[in-house]
Amino acid sequence: MTGKINVVLTTLLVCCALSVVNARYQRNHLVNDIEKLATQQRQLDIDWSQLQLDQSTLGKNERIEQIARANLNMTPLSPARTQYLTEGGK
Amino acid sequence: MRSNAGASRSTSRANSRVAASKGVAFSKSPVLAVRLPDWRSRVVLFALFAAFVTLAGRALWLQGVSNRFLQKQGASRYMRTEELPATRGKIFDRNGMVLGSSLPVKSVSVFTDDYKENPASSEKIRELASLLEMPQAELLKKLNSDRSYVYLKRQVEMDVVAKIEKLGVEGLDTRKEYKRYYPQGEVMAHMVGFTNVEDKGQEAMELAQQKSLAGQTGSRRVIKDRLGRIVEDVGLSREPHDGKDLTLSVDSKLQYIAFNSIKNAVDKFHAKAGAAVVLDVHTGEVLALTNWPTYDPNNRAHLTGEQLRNRVITDTFEPGSTFKPFTVALALDKGLITPKTMIDTGNGRFMVSGKPIRDTHPHGVIDIGTIIQKSSNIGTSKISQMMSAQDMWEMFTKVGLGQAPRFGFPGAVAGRVRPYKSWRPVEQANMSFGQGLSMSLLQLARAYMIFARNGDMIPLSFQKITEKPMGQQIISPKTAAQMRVMLESVVSPEGTASQAQVAGYRVGGKTGTAQKVIDGRYSQTHYVGNFVGIAPMSNPRFIIAVMIDDASGPLHTGGAVAAPTFATLAANALRAANVPPDSTVTDIIIPEHPLEESN
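Residue numbers (the numbering used here), protein chains in the order written: chain A, 1209 to 1298; chain B, 973 to 1571.
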């Protein structure tokens, strides 16, 4: 009787030990994945900052005005040649 | 037998030959014949046993008792401390446009000893020098320096660093750091400020908000496998904190408009400097704050104090006539006068305790509105004589004069107003039209809140705010309304600020020209022209204050240099902010010889 219990317990122990090894292995993999994603996240953050900077640099009022004037031949509007529409047509 | 005997003889002879050639046979060695005492083997046995006990004891000691040191040593073979980066917060304008942002870069430095052992070829040096954008001679000097660790260049961008690392010069070391970029450059310089090479705020909002902007790097312990991959996160030793983002009250578009107006005005009037500030009447937010000369925060190699100076906040000047409305408002509020009260300003010369007060033109008997419109010093002095020094001092203090403003901007000055007890009558008269007291342009603009709003004053903010601030009532709404009418009359063909008119909009304001104080005396040739305006008058939205410092052309007064600058600024700002026009007038009438205020 005790012999049987011992066999069962030993098998159980070996199984547990193996599953611990397996779990550790899987954890290592998952941790590695997290790290990769964290690195990717950091890189994306940097890219996002870079894009925001680019947007601000390219959207600079100075640049817009220069392009509007030089390339597109635009001029600022003046009230003298603006028709204002008011509610009720007053 | 014989033969046997002979044989045995011959063997013994052979034996004796062996003995003769090799000495005594081992088994018969006389040394072995000596019997050793028993204790000696026991001693050896004991010694061996003791040695094993010592080993076991030592092993027990290391394994069981003093194991901390070894565990630490062991852990250090596979555990690593990793730096967790934290970036400095970004700065945005009110519309979410980035004004300042940090990106990772690297510093390039050299371990000179390592380099000297393996100097690079001249071709590599040439390439390195061009990548680092420095002359070869300077680079060589740094590489062969006596110090063991020398920075070659800081804040090198990542793609350049990659190329440098490809060169494979011995001893080069790169370290991660951050560089702050300011995409709006000189336009925003005085509002945003800049950081130093260590990413610490040095000026303006970067300095004021250093604490919340700064990030705090953290670190954590990790276990790495043989390929250097992280397989276990043991725990944080220090949590990283990214800096908080900061949203300023400034509006990029208005800022650009203000910047351009000031830059053009300084150029046009040959002035030494110029500054402007735009406030939101409803929220107290600073929508634009600009200075000329300015600097590019991305390239601060040749920075001068003149460029750094924030004239809006850190410079005080005597406001001059721009201050008159406060004297008049106080008298109106106290019920001493009404807008209809007539005051005799005489022939343009008036004596107060033996000192003359002058107007540029004699105006005769005029009402209060005309005193403001024509900017009469005598009229304002006479009004001030109806009031006590204490009342005036209280009014000036209430509108923020003489107190360092609490809006968290580095270097904000308090301005100066002397305690009323020491005022002499002529000084009181002078102060009534803005002489003998000083303030910053921002303080002056803020003081105009009481006219633009309904007599109350709200705190200023450099950060975008969501809740409308509570105001503190200074003058009655009725007085404020009366003052607005007068201020609007200043900006009319008959007023001193005819050039401040804006087509399509009703605007109001007041000009001022102050003689600069040079070596303790009023200069007769150097002036500060200023103008504070409110637009549009039907429903005030902006307070715009403009200052032109030391215009050296033929024009120098507030009405001639600051008022037209205000007009261009206000026209563009109102249009950019989509403020509906409140006037049908599209033709501006500016008289040939516009009226000038006295000082």
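All residues carry an ideal CB built from backbone N, CA and C; glycine is no exception.
Computed from a predicted model, the values in this text were never measured in an experiment.
Please list, in chain order, the residues of the segment 1137-1155 of chain B that have any C-beta partner in chain A closer than 7 Å. 1153 and 1155
Between residue 1059 of chain B and residue 1262 of chain B, what straight-line distance do the alpha-carbon atoms span, to the nearest angstrom? 28 Å
Got a sec: is the Cβ-Cβ distance from residue 1069 of chain B to anything in chain A below 8 Å? yes
Whole-angstrom Cβ separation of residue 1434 of chain B and residue 1368 of chain B, contact assumed at under 8 Å? Not a contact, Cβ separation roughly 24 Å.
So, is residue 1041 of chain B buried or exposed, given that buried needs 16 or more other C-beta atoms within 10 angstroms? exposed
Sub-8 Å separation of residue 1535 of chain B and residue 1475 of chain B beta-carbons: no
For residue 1236 of chain A, the three-state DSSP class (helix, strand or coil): helix
With residue 1282 of chain B as the anchor, note down where its beta strand (DSSP E) starts and where it stops. Careful: residue 1282 of chain B lies outside any beta strand (DSSP E) and carries neither H nor E.
Starting from residue 1162 of chain B, follow the beta strand (DSSP E) in both directions and report where the run begins and ends. Run containing residue 1162 of chain B: none in the beta strand (DSSP E); it sits in the alpha helix (DSSP H), 1161-1164.
Residue 975 of chain B burial status per 10 Å Cβ neighbour count (16 or more: buried): Because residue 975 of chain B sits at a pLDDT of 45, beneath the cut-off of 50, its placement in the model cannot be relied upon, and the following sentence gives the value as read from the coordinates. Residue 975 of chain B is exposed by the Cβ-count criterion.
Taking the beta strand (DSSP E) that residue 1054 of chain B falls in, what are its first and last residues? 1051-1056
When the cut-off is 8 Å and only beta carbons count, does residue 1189 of chain A lie next to chain B? Here chain A covers residues 1209 to 1298 and nothing more, so residue 1189 of chain A does not appear.
Within the segment 1127-1209 of chain B, ranges of the beta strand (DSSP E) (whole runs, at least 3 residues): 1144-1153 and 1190-1196
Using Cβ-Cβ distances below 8 Å, what residues of the segment 1215-1239 of chain A are close to chain B? 1235, 1236 and 1239
What is the rounded straight-line gap between the Cα of residue 1316 of chain B and the Cα of residue 1309 of chain B? 13 Å
Does the segment 1280-1292 of chain B come into contact with the segment 1400-1411 of chain B, if we say contact requires no fewer than three beta-carbon pairs (one atom in each stretch) closer than 8 Å? yes
Decide if residue 1252 of chain A is buried, meaning its Cβ has at least 16 other Cβ atoms within 10 Å, or exposed. exposed
Counting only beta-carbon separations shorter than 8 Å, does residue 1479 of chain B have a partner in chain A? no
Measuring alpha carbon to alpha carbon, tell me which of B/1015, B/1259, B/1357 and B/1279 ends up nearest residue 1268 of chain B. B/1279
Along chain B, in chain order, which residues have C-beta atoms closer than 7 Å to that of residue 1260 of chain A? 1070 and 1073
Apart from the five residues on each side of it in sequence, which residues of its chain come closer than 6 Å, Cβ to Cβ, to residue 1179 of chain B? 1165, 1173 and 1382
Give the residues of chain B in contact with residue 1265 of chain A, contact being defined as C-beta atoms less than 8 Å apart. 1155
Within chain A, partners of residue 1203 of chain B - CB distance below 7 Å: 1236, 1239 and 1240
Residue 1495 of chain B versus residue 1487 of chain B - alpha carbon distance: 6 Å
Round the Cβ separation of residue 1080 of chain B and residue 1146 of chain B to the nearest angstrom and send it over; I've been treating them as touching at under 8 Å. 6 Å
Against residue 1279 of chain A, what residues of chain B qualify as contacts under a CB-to-CB distance less than 9 Å, listed in chain order? Those within 9 Å of residue 1279 of chain A in chain B number zero; the least Cβ separation is about 19 Å.
With distances taken between CB atoms, is the gap from residue 1541 of chain B to residue 1233 of chain B smaller than 8 Å? yes
Residue 984 of chain B to residue 1018 of chain B, Cα distance in whole Å? Confidence in residue 984 of chain B is poor, its pLDDT being 48 and thus under 50, which makes the residue's placement unreliable; the coordinate value appears in the next sentence. Between residue 984 of chain B and residue 1018 of chain B, the C-alpha separation is close to 45 Å.
Which residues does DSSP list as the beta-bridge partners of residue 1519 of chain B? B/1247 and B/1502
Member of B/1169, B/1526 and B/1198 whose CA lies at the smallest distance from the CA of residue 1273 of chain B: B/1169
Quick one: residues in its chain with C-beta nearer than 7 Å to the C-beta of residue 1109 of chain B, no 5 flanking neighbours on either side, listed in chain order? none
Short of 7 Å in beta carbon distance, which residues of its chain neighbour residue 1324 of chain B, apart from the five on each side in sequence? Order them along the chain. 1353, 1397, 1398 and 1401
By the 10 Å Cβ neighbour count, where 16 or more other Cβ atoms means buried, how is residue 988 of chain B classified, buried or exposed? Reliability of the predicted coordinates at residue 988 of chain B is poor, the pLDDT of 48 falling under 50, and no value is obtained from them.
Can you find at least 3 beta carbon pairs, one from the segment 1047-1061 of chain B and one from the segment 1191-1200 of chain B, that sit closer than 8 Å? yes
Below 8 Å on the Cβ atoms is my guess for residue 1551 of chain B versus residue 1508 of chain B; work out the distance and round it to an integer in Å. 6 Å
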